[in-house]
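**Student:**
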Amino acid sequence: MQRRDLIKGVITGLAALQTRTSFAQDGNVVAPLDPALASRMQYKAKHFDQDFPDDYYLTEPQKKLMLSVVGKIASAKRTVGFGYFNLMSLDELLKITVNSPLSAFNRFELDFIEATFFRDARAYGFFGEKVSSELTSKIDASKTNKIAGTGHYLYQGRPEVLYAELKKDVGADIVLTSGIRSVVKQLDLFLAKAVQCGGNLSKASRSLAPPGYSFHGSGDFDVGKIGLGADNFTDTFAATDVYKRLLDLGYVNIRYTETNFYGVRFEPWHIKV
Ligand SMILES: [Zn+2]
């Protein structure tokens with residue numbers, strides 16, 4: 163444990179130094195200065211679903227908190243509905259849960275939420291930029307539209323126009339699979355992934371941006387092929403005709419490429435706006 167912390171500290175320190183000097187702000191892929199760190203990150207992103215000894219693991223008590231937080235968020239989700247949950251802020255979450263003895267968060271759970279949001283994700287080996295720095299940030303629902311038949315929302319303006327163009331050009335079998343996500347929504351997705359990963363937050367962050375680091379808060383969205391279901395979020399999507407048409411039409415502007423230096427797996431389904 164001590165050794166792991168030491169390694170983590172060294173990597174984080176090194177990373178802090180590197181990110182400031184060698185990563186572009188707008189998500190351009192630029193290699194870190196240290197080739198050893200660069201190749202380690204690429205190796206992990208490629209083998210995103212493996213556990214590594216220098217990954218960031220939650221302790222047993224933290225894992226218990228994670229499970230109780232996930233359970234309480236799930237009950238709030240049932241209350242507001244899965245669609246609106248995409249936009250829900252932390253204040254709304256707390257308001258909904260505060261009066262129920264079963265779902266009200268205790269202070270340890272609130273501390274856990276706060277720690278998860280404010281922890282520097284470079285500790286996980288995730289090098290994307292922080293897009294939303296406020297845990298309590300709110301999405302202005304009046305600037306969004308719910309996209310019929312998807313249960314997801316897009317911002318009015320560029321994201322909505324781009325999605326309409328995609329539908330028109332690519333065809334009827336392309337569908338929005340994830341749109342705007344609030345900090346709470348991203349927290350919920352990240353923790354659900356972390357549960358699947360047995361509390362290995364590095365492994366979770368290789369597949370899903372930690373809360374505050376997702377560009378889904380600022381306009382990016384995911385598309386898939388109708389009928390492909392969960393496989394839309396796997397490499398299977400890159401083999402579909404929908405993806406090929408996206409590529410041919412020049413729509414593919416991938417945020418997380420196959421050889422990215424963010425410590426994130428290849429995500430061909432993610433549309434950068
Ligand atoms: Zn995405």
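Heads up: the sequence shown begins at 163 in this note's numbering, then just goes up one per residue.
For glycine and all other residues, C-beta sits at the position ideal for the given N, C-alpha and C.
Because the structure is a prediction, the values reported are computed rather than measured.
If I'm right that Thr423 touches Ala200 with Cβ under 8 Å, what's the distance once you round it to whole angstroms?
**Tutor:** According to the sequence provided, residue 423 is Phe. The question's Thr does not apply to it. Their Cβ separation, rounded to whole angstroms, is 6 Å, which keeps Phe423 and Ala200 in contact under 8 Å.
**Student:** Going by DSSP, name the residue or residues bridged to Ile433.
**Tutor:** According to DSSP, Ile433 bridges with Phe383 and Ile416.
**Student:** Mind checking whether the beta-carbon of Ser340 lies closer than 7 Å to any heavy atom of ligand 1?
**Tutor:** yes
**Student:** With a threshold of 16 other CB atoms inside 10 Å of the CB of Asn415, please say whether the residue is buried or exposed.
**Tutor:** exposed
**Student:** Would you identify the three-state DSSP class for Thr306, choosing helix, strand or coil?
**Tutor:** strand
**Student:** Return yes when the C-beta of Glu254 is under 7 Å from any heavy atom of ligand 1, and no when it is not.
**Tutor:** no
**Student:** Mind listing which residues have their beta carbon within less than 5 Å of any non-hydrogen atom of ligand 1? Chain order is fine.
**Tutor:** Asp384 and His432
**Student:** Can you round the beta-carbon distance between Gly290 and Arg368 to whole angstroms, since I take them to be within the 8 Å contact cut?
**Tutor:** The Cβ separation is near 11 Å, so there is no contact.
**Student:** Our contact map puts Ala238 next to Thr259 with C-beta atoms below 8 Å; I'd like the distance itself, whole angstroms only.
**Tutor:** That pair is a contact at about 5 Å.
**Student:** Between the stretch 392-409 and the stretch 341-358, are three or more C-beta pairs nearer than 8 Å?
**Tutor:** Taking a contact to require three or more Cβ pairs closer than 8 Å, the stretch 392-409 and the stretch 341-358 do not qualify as touching.
**Student:** Using the Cα positions of Lys434 and Phe383, report the straight-line distance between them to the nearest angstrom.
**Tutor:** Using only the alpha carbons, I get a separation of about 7 Å.
**Student:** Report all residues from its chain with a CB closer than 8 Å to the CB of Ile388; omit the five preceding and five following residues, and keep chain order.
**Tutor:** Ala334, Asp335, Ile336 and Val337
**Student:** For Gly243, count neighbouring Cβ atoms within 10 angstroms of its own Cβ and tell me buried if that reaches 16, exposed if not.
**Tutor:** So Gly243 ends up on the exposed side.
**Student:** Does the stretch 248-257 come into contact with the stretch 300-320, if we say contact requires no fewer than three beta-carbon pairs (one atom in each stretch) closer than 8 Å?
**Tutor:** yes
**Student:** Between Tyr405, Asp273 and Phe377, which has its C-alpha nearest Trp431's C-alpha?
**Tutor:** Answer by Cα proximity: Tyr405.
**Student:** When the distance is taken between beta carbons, is Leu408 closer than 8 Å to Val332?
**Tutor:** yes
**Student:** Quick one: what's got a C-beta closer than 7 Å to Gly313's C-beta in the same chain, skipping five residues either side?
**Tutor:** Phe244 and Gly245
**Student:** Between the Cα of Asn362 and the Cα atoms of Lys208, Gln204 and Met228, which residue gives the shortest distance?
**Tutor:** Met228
**Student:** On the criterion of 16 or more Cβ atoms from any shown chain inside 10 Å, does Leu264 qualify as buried, or is it exposed?
**Tutor:** exposed
**Student:** Determine, using beta carbons only, whether Leu256 and Ile235 come nearer to each other than 8 Å.
**Tutor:** Ile235 is positioned such that its CB atom lies no closer than 8 Å to that of Leu256.
**Student:** Given this structure, state the Cα-to-Cα distance separating Pro373 from Met203, to the nearest angstrom.
**Tutor:** 20 Å
**Student:** Name the two residues that bound the continuous alpha helix (DSSP H) containing Ile336.
**Tutor:** It is not in any alpha helix (DSSP H) - Ile336 instead sits in the beta strand (DSSP E) that spans Ile336 to Ser340.
**Student:** Measuring straight from C-alpha to C-alpha, what distance separates Ala310 and Lys329?
**Tutor:** 13 Å
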